[in-house]
Structure formats: C-alpha cells, structure tokens
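Inspection log for the structure reproduced underneath, given as structure tokens.
Right, here's the structure in full:
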C-alpha cells in the first residue's frame, strides 16, 4: 500500500511558514552541484527504482514496517508491509500509527540542543568545543572529569562512558561521578551521552531544580521541560502532532515467533527522553526530515552544515573513521533499536542523501529475521540508492 503523506496542506503550511517567518528554503549539506540541471552524459536518479530496490532488499522477514522517501522536501514514495498487531483483532501496518523511535531520538535531541545554543548561548559553532561544566546542575554531583567534557564529545559519543540502559536520574547521578571519562575519548556508543544532552539543555535554558528534593521530582521537571522544548521548537514548527512518550497503537514482536500474538507493549518511555523517549508516526518523522533539510524553520543553513559536517547526532558507528560512503557521496543516517529479553523489539532509521535531496524514514515493529544478523539497515538503503542511478 502506498499513501500520499506530505499532503498539500502540509506544504501550504510550509510555504506559509517561510512567508511569514522570513525562512528561506535552504539546501541540505553539502550543497548539490547544479541540482536542476541534467546533462545527457550524467547519471539520473530514478526514485521508482530506488523504492523497488528498497522493498526487494527488505524482503518479508518482518512483522510489519512502513517507509517514506522524500525528495526536495516532498513525499515521493511511501509504503507499508505486514501488521502492527497480530491476531483476530489485528491491525495492518500503516503510516499514521506512532511507533517508538528508539535512538532516532538522538538526532532530534541534537537538533534541540543546537537550537538552544542559538537561543540561549552563542551558537553551536562557538560552543561545540566548550566544556559542559557550567551547564551541569549541582544536584547531579558530576565529577570534574565529567565537567571537562565538551558539547562535541557528548554529541558524538566520544566521552568514555560505557553503554547503559538504566537512564533514570538516580542511576545517572552515580554514573556522573565517574573519573574515567575524558574529552575526545575513543568512540563508544552510549545512551548516557544523550541523557547528558537533555541535562545540559535544561541548564542552558536557564532552568533549575530549586525546591525539589527527591530524584523523582527532579526527574519529572527535567523531562517535562525537555518535552516542552522539543514540542515548541521542533514539533510545532514542523506540524508534527503524533508525538507522545507512551503509545499502545503498535505491538512489537520477534520475527518467526508465531506463538506471540499479543506482542510487547513498550509503554512509558518518558525517562529515556534525550537518548530515546518519543513515539512518532511515519508521516511525522518524514516531516521532521523534510523541515530539517529543506527549510530554516528548525536549523539555519550554517547550523545544519555544521551538524552534518561534524556528525552531531548522525552516528550509527564511528563516522569519523567509518562514514557511510556511496557512489554519490557521503550519506548520513541514524538507526534506532530497542529489544526486550524475549527478542521482541523495534528497528528504526532516518537517512539523508545530500546530492539530490533525498531522505528516507523507516519504522519496523519486529526484531529477528535475516537482516538483524546480516546487512545493517543503513547499508541496505545505501546500496538501494546507489543502484537507482542510471
């Protein structure tokens, strides 16, 4: 099933936003060369072929998935496969049901912090190498080593923090006493870094925890402010309405487990905000990509350029040593994954192909299957894109 998603009202709103806010349509970075000119000797991108390549490569070892392909800020292709909920009361996969984004939230958090740097600081370029110590709440009890970390380090997983799935404030206060972290450490992917993004954004915006004595009270205030900030600075300008931190509209499965009909409800993910947290539907995640890359409603041109060039929030693996390079240049992706002890979970991806302003959104409600153990999703989409040029 293919559905038109970024409908005319959305683009009329985008046009209106540009008209009344003074926003200019801005290119994805790097700027495409001669984007409107086709030489007969040059290869031409075929979006239909790209879609066919993607669907073929994805195969059928999924419970359900949905995708959107944007071109020049507009929906070019979209589709779904399978089911969001199994059983008699099953629910076919669609483009409107919110799924848990998992670590794709880290790109959203990066955009939020860059906006806050402009709004409350001197901007991302002057601040990226600034130590975070002045922006750490005293209640965190962070060590001097943690305070010496730079914004760049936490946005690129170069702090030295190990991976950790316990992201509540009580545990974070213990982790932030570490003396083993250091600026520009070797790349280690850790959710802790983007919980720190949430904390420093809170303090950068002038917020405090005065009068709050329990960890739960402090946690709630930080999370509520982060949710408010992302809603008002990112979701509202982009016309995104499906966001929440608790949704039961989709169940999550392990592919091949035919006995599991009920599936897993991930439930409330508020505590994971920053590193994770938000649910969005496929259409709204595509709006995020469209607004991020094709307007300055979220980021200004120089901010977006800096974000991409420095891989802030685009970091499936160490991009400084292992970037995603294809036949048409460097591509940028962020994958998400969340799984329980029974192997049930979610896989998510956003990806940007700068040369001709193509973006991809992919959400799936299952783990397992051949692709979980073979081809990374970003490589699958890279290869499908490269093969769509004739």
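Residue numbers (mature numbering (1 follows the signal peptide of the UniProt record, and there is no 0)): -26 to -1, 1 to 364. Ideal Cβ positions, reconstructed from N, Cα and C, are used throughout, including at glycine.
Two segments are said to touch when three or more pairs of C-beta atoms, one from each, lie closer than 8 angstroms; by this definition the stretch 346 to 362 touches the stretch 289 to 309. With respect to the 8 angstroms criterion, residue 271 and residue 211 are classified as neighbours on the basis of their beta carbons. Only exposed fits residue 62, as fewer than 16 other CB atoms lie within 10 angstroms of its CB. Exposure of residue 112 is indicated by the presence of fewer than 16 other C-beta atoms within 10 angstroms of its C-beta. Taking the C-beta atoms as reference points, residue 66 is found no nearer than 8 angstroms to residue 221. Boundaries around residue 44 are those of the beta strand (DSSP E), 38 to 45, since no alpha helix (DSSP H) includes it. Checking the DSSP bridge columns, you'll see residue 73 partnered with 254.
With 16 or more neighbouring CB atoms inside 10 Å of its own CB, residue 339 falls in the buried class. Going by C-alpha positions, residue 307 is about 17 angstroms away from residue 268. According to the DSSP assignment, residue 327 belongs to the beta strand (DSSP E) that extends over 319 to 327.
Comparing alpha carbon positions, the residue from 354, 263, 284 closest to residue 332 is 263.
For residue 137 and residue 208, the gap between their C-alpha atoms comes out near 27 angstroms. Within the DSSP secondary-structure output, residue 310 pairs in a beta bridge with 322.
Counting only the Cα atoms, residue 235 lies some 8 angstroms from residue 59.
Around the beta-carbon of residue 116, 16 or more other beta-carbon atoms lie within 10 Å, marking it buried. Distances from the CA of residue 45 to each of 335, 353, 345, 156 were compared; the closest alpha carbon is that of 335. Looking at the backbone, the Cα of residue 126 and that of residue 286 are separated by about 7 angstroms. Per DSSP, residue 31 is one residue of the alpha helix (DSSP H) stretching across 21 to 32. Between residue 158 and residue 132, the gap from beta carbon to beta carbon is short of 8 angstroms.
When only Cα atoms are considered, residue 110 and residue 240 end up about 30 angstroms apart.
Assigned with DSSP and collapsed to three states, residue 293 falls in coil, not helix or strand.
Residue 152 and residue 354 have their C-alpha atoms spaced approximately 38 angstroms apart.
In the DSSP assignment, residue 52 falls within the beta strand (DSSP E) that extends over 48 to 59. Under the three-state reduction of DSSP output, residue 18 falls in the coil class, being neither helix nor strand. Between residue 38 and residue 55, the beta carbon gap of about 6 angstroms places them in contact (Cβ cut-off 8 angstroms). The residue from 216, 346, 16 with its alpha-carbon nearest to that of residue 322 is 346.
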